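Below you'll find the structure, written out as structure tokens, and then a few comments.
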Amino acid sequence: MRLASIRDLIRIASTAAASMQPTYILRYKNKEGKTVIGFLAVFRDYYNLYGLPLFYYVVDRDNELRDANYVLVRLDETGEKIEPSKTTKPGYIAVPIVNVDKAPDFLLPSEVE
């Protein structure tokens, strides 16, 4: 499922991480050399699609997360703060970024728009 922005992707991933679900962002290059960033979620309790993995993704056209090992998220009275980072920080939800070298095509799409 392609999302509209990296911020949308990070918002969903950090919500899952805050719920104590193991969450990580996957980063890989597709066949055209585009950097794809996304994460896997599993459909649960949805009729015959129980256990179906969904891949939420965006294409990182501006290389916003190129050098990051984590995405840090913090919500407070001033609003939402999202930071790419090499390390974690106290007071932030830290979602790790994992670089993928090779994966099955059914799991990570090699052709994206």
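With the working numbering applied, the sequence shown covers -9 to 103. C-beta: ideal position from N, C-alpha, C; glycine also. Computed from a predicted model, the values in this text were never measured in an experiment.
- Leaving aside the five residues that flank Tyr82 on each side, the residues in its chain whose CB is nearer than 7 Å to its CB run, in chain order, Leu62, Val63 and Arg64.
- For the beta strand (DSSP E) assignment, the uninterrupted runs of no fewer than 3 residues enclosed by the segment -3 to 25 are, from N- to C-terminal side, 15 to 19.
- By the neighbour-count definition (other C-beta atoms within 10 Å, threshold 16), Tyr40 is an exposed residue.
- Asn89 sits in a strand when the DSSP states are folded into three classes.
- If the five residues before and after Ala3 are omitted, its C-beta is found closer than 7 Å to the C-beta atoms of Thr13, Ile15, Phe29 and Val85, all from its own chain and listed in chain order.
- Partner residues in the beta bridge of Asp66, as assigned by DSSP, are Gly69.
- Restricting attention to Thr77, Tyr18 and Asp52, the CA atom closest to the CA of Phe45 is found in Tyr18.
- Annotation: Ile(-4) to Lys92 spans about 22 Å, alpha carbon to alpha carbon.
- With contacts defined as CB atoms closer than 9 Å, Leu(-7) and Val48 qualify as a contacting pair.
- For Leu44, the enclosing beta strand (DSSP E) has its first and last residue at Pro43 to Val49.
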